[in-house]
Amino acid sequence: MDKKILAISLVGLSASALVACSDSSTEKFDSNGTKEVKVGILQYMEHESLDAAREGFMAELKANGYKEGDNITVDYQNAQGDQANLQTISEQLVGDNDVILAIATPAAQSLATVSTDVPVLFTAVTDPVSAELVDSMDKPDGLLTGTSDQAPIDKQIELLGQALPDAKKVGILYTTSERNSEAQVEQAEKLLKNAGYEVELKGITSTNDVQDATTSLMKDVDAVFVPTDNTVASTMTMIGELSIEHKVPVIGGATDMVDAGGLLTYGTNYEALGHQTAKMAVKVLEGADPAELSVEYPETVDLHVNQEIADKLGINVSKLSVSK
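Residues 1 to 324, numbered by our numbering, are exactly what the sequence shown covers, in order.
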């Protein structure tokens with residue numbers, strides 16, 4: 001063989017070996033020699049319900065043997081409710097992780113636009129079909145699947161009637177840009193009207209609108225219904241204060257919203273929902289195809305009452321019950 005050709009070949013082999021060493025050195029293994037799993041988490045914004053879902057997710061992963069700092073690394077990112085942040089973070093997470101958790105509809109929608117091969121588990125998404133995340137609840141048929149936080153609105157309205165038998169007009173406060181909220185508002189408005197209530201809708205675009213919109217609404221209604229709306233949920237403490245000031249109770253979409261200032265709900269337990277989502281993530285990590293994993297509804301739905309708010313509003317909630 002020509003010496004020049006031989007020299008070039010040896011250089012090429014050396015370069016290949018260096019690349020191989022470099023690639024393998026970036027991979028981490030636990031004490032048993034198992035490759036470390038990389039999990040990305042994109043949370044739309046910070047509030048109790050979404051935080052609880054994330055905490056439940058992490059706790060369930062740990063219960064299934066995925067321990068952070070041992071055989072799993074977690075890259076948690078919060079978009080702080082900013083759409084531009086969502087896009088940037090989504091692109092980063094898709095490039096660096098084996099599976100990603102999307103918390104709330106906007107986070108899941110953002111990841112859906114950039115992921116071409118990384119499975120995405122979503123949670124705290126009310127209507128994943130109308131949000132165009134999956135083809136159907138039974139057959140997602142793509143890289144995304146997860147859990148819906150849809151609580152039974154008919155039961156919430158039933159409880160409203162028990163707690164406030166004299167109520168005639170109900171306001172609905174929601175964010176116009178959140179598709180998950182719009183889907184619930186459509187359902188709630190229809191159910192409330194069928195139950196004989198007059199309904200007034202009040203849409204907001206950001207947290208800056210909440211105080212004025214809530215005050216205006218509470219001057220004109222007997223009760224306020226709020227869906228599992230991210231923007232509204234992040235301002236529930238303020239809404240609770242206005243509820244007491246105007247003597248108008250708030251029926252919340254989720255248990256955490258009630259804790260922060262609502263009167264009652266028959267709603268989703270978000271920590272339990274996070275656990276439920278993690279069980280699906282484990283299946284994906286073990287080889288399951290997300291396209292074949294049906295989207296799940298919450299397994300844990302609670303009758304939840306804020307007794308402190310009930311006392312301040314003078315409402316008897318001792319005999320509330322939900323029909324089967």
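C-beta: ideal position from N, C-alpha, C; glycine also.
| Item | Value |
| --- | --- |
| Nearest to V221 (by Cα), restricted to the options P152, Y197, E241 | Y197 |
| Opening and closing residue of the beta strand (DSSP E) in which H275 lies | Where H275 is concerned, there is no enclosing beta strand (DSSP E), although the alpha helix (DSSP H) it sits in stretches over 270 to 285. |
| For Q156, the three-state DSSP class (helix, strand or coil) | helix |
| K219 - containing beta strand (DSSP E), residue span | Where K219 is concerned, there is no enclosing beta strand (DSSP E), given that its DSSP letter is neither H nor E. |
| Through-space distance from E68 to L61, alpha-carbon basis | 9 Å |
| Option nearest V258 by Cα separation, candidates E245, A59, L273, E241 | E241 |
| Status (buried if at least 16 other CB within 10 Å, exposed otherwise) for A84 | exposed |
| Per-residue burial, K35 [other beta carbons within 10 Å of its own, 16 or more giving buried] | exposed |
| Validate contact between the stretch 114 to 131 and the stretch 152 to 161 using beta carbons, cut 8 Å, 3 pairs | no |
| Anticipated Cβ contact below 8 Å, T205 with S177, distance rounded | 6 Å |
| C-alpha gap between K219 and H47, whole angstroms | 27 Å |
| CA-to-CA distance, I251 to Q211, given in whole angstroms | 17 Å |
| Opposing strand residues paired with Y266 [DSSP bridges] | L303 |
| Where the alpha helix (DSSP H) containing N180 begins and where it ends | 179 to 194 |
| Sheet register partners of D75 (DSSP bridge) | G40 |
| Helix, strand or coil at S148 according to DSSP, with G and I counted as helix | strand |
| Neighbourhood of G261 by C-beta distance below 6 Å, restricted to the same chain and skipping five residues each side | M236, T237, I239, G240 |
| T175 - partner residues in DSSP beta bridges | I204 |
| 3-residue-minimum beta strand (DSSP E) runs that sit fully inside the stretch 83 to 170, ordered along the chain | 99 to 103, 120 to 125, 144 to 148 |
| Buried or exposed (CB count within 10 angstroms, at least 16 for buried), G161 | exposed |
| Residue closest to A272, alpha-carbon to alpha-carbon, out of V39, G40, S49 | S49 |
| L6 versus V37 - alpha carbon distance | Residue placement at L6 cannot be trusted, given a pLDDT of 37 that sits under 50; what the coordinates show is reported in the next sentence. Straight-line Cα distance between these residues: approximately 41 Å. |
| Segment contact flag, the stretch 300 to 310 with the stretch 74 to 92, C-beta cutoff 8 Å, min 3 pairs | no |
| Cutoff 7 Å: F57 Cβ touching any chain B Cβ | No chain B is present in this structure, which holds just one protein chain. |
| Separation of V74 from D138, as counted between CA atoms | 29 Å |
| Per-residue DSSP class, three states only, for I251 | strand |
| 6 Å Cβ shell around Y76 - same chain, five flanking residues per side excluded | I41 |
| Counted within 10 angstroms of its Cβ, other Cβ atoms place G33 as buried (16 or more) or exposed | Caution is warranted here: a pLDDT of 46 is assigned to G33, below 50, making its placement in the model unreliable, and the coordinate value is therefore given only provisionally. Label assigned to G33: exposed. |
| V199 versus F225 - alpha carbon distance | 10 Å |
| Rounded distance between the beta-carbons of L101 and T277, thought under 8 Å | 7 Å |
| Collapsed DSSP secondary structure at V322 in the structure displayed | coil |
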